[in-house]
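Taking it in order: structure first as structure tokens, then the write-up.
Chains as they are written, first to last, in the numbering used here: chain A, 2 to 123; chain B, 434 to 805.
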């Protein structure tokens, strides 16, 4: 399965690559990274993104937020799963994300065992 | 009711009556001087009896007193209005301060969670990597000189310990940040009519069960004493519930400590709610180890804790509780304690005068469980 991760912090790439090392090695998971919401939207139009299973997106990013990205994705790719991952764990944001059609809402610090339970096929 | 002479109305009617008394006295003296040319008692008495006008003047103290009473009453009204305005103003300022401190804390907490995410997860990743290194290294044992192998194992073990320490301390910081955020989460919410009895019941149950989830060997007796079947108050159920939860959790913690230290002993928690003249009183008493006199004043300070470090206790529980009771509910929170015997927390919430009747008649508010 192909997963797109959207976050403005570059370190997130090394983190996800390390934490998904086993899954990447076995070929279960393929990760792709974008460092802004706009970049993600451009990527989605590419051939490479055709077999994308899900997006994991941060909320707080410069220019375009994760929630705006979610809104845009919902309109153009209704079947794509979108997980929101954020440090801002308040009821308001959570509700907003769920109303916009997020698959789930995950808070930082990320618990990768929990995240894997949620996104990987059992 | 108010004590006499604390109200201007009573003072003024007394002044009015005293001033009014001057009129009949002077009038009688003048009358007596004019008709009898003397101030002898019998002459004064006769002038009283013979002059119908004096009878009217004699009523002056009464009417002047009455008149002054009404003036005093108006002054009282203005005074109480002013006090009310001042109180509301103070309350607003306090709430605003709390809100802005809360906002700042939430902001800081959120900003810290992002770097913490990296700290915790990279540490966890390092643990995995180092463990794998250790494994690979032990497979290579035969290919390496014993001395080098020993040194490498030592290095890897140190690395592993470091990574574990970084991870556990990151997790600890994360727990502290969470408890900071809790503060802002509860201070939201409206004041509404709630039944304190059912709120108390609910939180006693919740606190006891969640404490027992971590310490299943702990048991306590719970004694409840509610003066009335229902005790209504205007309060924020989320934040008030959190105070009760916190106090009971502390009580359980203290009683368990006494149990561990002393062995045989029956923990008892007593809760009571009653109505005083102008306040509602909630009392939570445990027969734990008590709080030493020397620290009784410190326990309400933020970041003060007697619990061992590393358990993720930020020492904010009582500080936040006091904020909630004093600043948000305009009440008071006090401790009574005797070392080795008991600790009692007494919360007093002001009765909202005009709401009182309405409150007793109002319907039962079923308090929602704060999301946690």
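Beta carbons are placed, not taken as given, at the ideal position from N, Cα and C, and that holds for glycine.
Quantities reported herein were computed from a predicted structural model and do not represent experimental measurements.
Is it the case that the Cβ atoms of residue 736 of chain B and residue 685 of chain B are separated by a distance below 8 Å? Cβ atoms of residue 736 of chain B and residue 685 of chain B: not closer than 8 Å.
Closer than 9 Å between beta carbons: that is the criterion. Which residues of the segment 543-556 of chain B meet it against chain A? Residues are counted here when their Cβ sits less than 9 Å from a Cβ of chain A; for the segment 543-556 of chain B these are 543, 544, 545, 546, 547, 549, 550, 551, 552, 553, 554, 555, given in chain order.
With the cut-off set at 8 Å, would you say residue 104 of chain A and residue 83 of chain A are in Cβ contact? For residue 104 of chain A and residue 83 of chain A, yes; Cβs fall inside 8 Å.
Could you list the residues in the segment 600-611 of chain B with a C-beta less than 7 Å from some C-beta on chain A, going in chain order? Hits within the stretch, in order: 607.
Determine whether the Cβ of residue 16 of chain A lies closer than 8 Å to any Cβ atom of chain B. Output row for residue 16 of chain A: interface = yes.
What does DSSP give as the partner residues of residue 658 of chain B in its beta bridges? DSSP output for residue 658 of chain B lists B:705 as bridge partner(s).
Please classify residue 6 of chain A: does DSSP put it in a helix, a strand, or coil? Residue 6 of chain A: strand per DSSP, three-state reduction.
How far does the alpha helix (DSSP H) with residue 23 of chain A in it reach, from first residue to last? Note, residue 23 of chain A: alpha helix (DSSP H), 22-26.
Best match in B:474, B:749, B:458, B:501 for proximity to residue 450 of chain B [C-alpha to C-alpha]: Out of B:474, B:749, B:458, B:501, the CA that lies nearest to the CA of residue 450 of chain B is found in B:501.
Counting contacts by CB-CB distance shorter than 8 Å, is residue 558 of chain B in contact with chain A? Yes, its Cβ sits closer than 8 Å to a Cβ of chain A.
Listing by chain order, which chain B residues have their CB less than 7 Å from the CB of residue 12 of chain A? Going along chain B in sequence order, the residues near residue 12 of chain A (Cβ under 7 Å) are 551.
Using Cβ-Cβ distances below 7 Å, what residues of the segment 104-116 of chain A are close to chain B? Closer than 7 Å at the C-beta level to chain B, one finds these residues of the segment 104-116 of chain A: 109, 110, 111, 113.
Give me the chain B residues within the contact set of residue 95 of chain A, using Cβ-Cβ distance strictly less than 8 Å, ordered along the chain. Residue 95 of chain A does not reach chain B, its nearest Cβ partner there being about 10 Å away, counting only Cβ pairs nearer than 8 Å.
Does the Cβ-Cβ distance between residue 586 of chain B and residue 570 of chain B come in under 8 Å? Yes.
Label residue 637 of chain B either buried or exposed according to how many other C-beta atoms from any shown protein chain fall within 10 Å of its C-beta, with 16 as the threshold for buried. That one is buried.
Report yes or no: do the segment 637-647 of chain B and the segment 754-761 of chain B share at least 3 C-beta pairs separated by less than 8 Å? Result no; under three Cβ-Cβ pairs closer than 8 Å.
Length of the line joining the Cα atoms of residue 779 of chain B and residue 657 of chain B: Rounded to whole angstroms, the separation of the alpha carbons of residue 657 of chain B and residue 779 of chain B is 15 Å.
What three-state label does DSSP hand residue 718 of chain B in the structure shown? Note: residue 718 of chain B maps to strand in three-state DSSP.
Under 8 Å Cβ-Cβ, which residues of chain B neighbour residue 89 of chain A? Result: 543.
Is it buried or exposed, residue 463 of chain B, if we count other Cβ atoms within 10 angstroms and call 16 or more buried? Label assigned to residue 463 of chain B: exposed.
To the nearest angstrom, how far is the alpha carbon of residue 28 of chain A from that of residue 579 of chain B? One Cα belongs to residue 28 of chain A, the other to residue 579 of chain B, and the distance between them is close to 38 Å.
Near residue 108 of chain A, which residues of its chain fall below 6 Å by C-beta distance, leaving aside the five closest residues on each side in sequence? If you ignore the 5 residues before and after residue 108 of chain A, its C-beta comes within less than 6 Å of the C-beta of 90, all in its own chain and listed in chain order.
Beta-carbon proximity check, residue 556 of chain B vs residue 596 of chain B, cutoff 8 Å: For residue 556 of chain B and residue 596 of chain B, yes; Cβs fall inside 8 Å.
Any C-beta of chain A sitting closer than 8 Å to the C-beta of residue 800 of chain B? Low local confidence applies: a pLDDT of 37 at residue 800 of chain B is under 50, so the model's placement there is unreliable, and no value is given.
When you compare the CB of residue 19 of chain A with every CB in chain B, is at least one pair closer than 8 Å? Residue 19 of chain A counts as touching chain B.
Bridge partners of residue 765 of chain B, per DSSP? DSSP, once it has assigned bridges, lists B:781 as partnering residue 765 of chain B.
Between which two residues does the alpha helix (DSSP H) containing residue 86 of chain A stretch? Segment 82-87 is the beta strand (DSSP E) holding residue 86 of chain A; no alpha helix (DSSP H) there.
Backbone secondary structure at residue 665 of chain B - three-state DSSP: Residue 665 of chain B: strand per DSSP, three-state reduction.
What residues are listed by DSSP as bridge partners for residue 55 of chain A? DSSP, once it has assigned bridges, lists A:4, A:82 as partnering residue 55 of chain A.
Nearest-angstrom Cα distance between residue 85 of chain A and residue 782 of chain B? Going from the Cα of residue 85 of chain A to the Cα of residue 782 of chain B covers about 42 Å.
Identify, in the order they occur along the chain, each residue of the same chain with its Cβ nearer than 7 Å to the Cβ of residue 767 of chain B, setting aside the five sequence neighbours on each side. Within the same chain, residue 767 of chain B has close Cβ partners 779.
By how many angstroms is the C-alpha of residue 594 of chain B removed from the C-alpha of residue 625 of chain B? Pairing residue 625 of chain B with residue 594 of chain B, the inter-Cα distance amounts to about 52 Å.
Alpha-carbon to alpha-carbon, residue 732 of chain B and residue 49 of chain A: Computed Cα separation, rounded: 60 Å.
Put residue 33 of chain A into one of helix, strand or coil per three-state DSSP. In the structure shown, residue 33 of chain A adopts extended strand secondary structure according to DSSP, grouped into three states.
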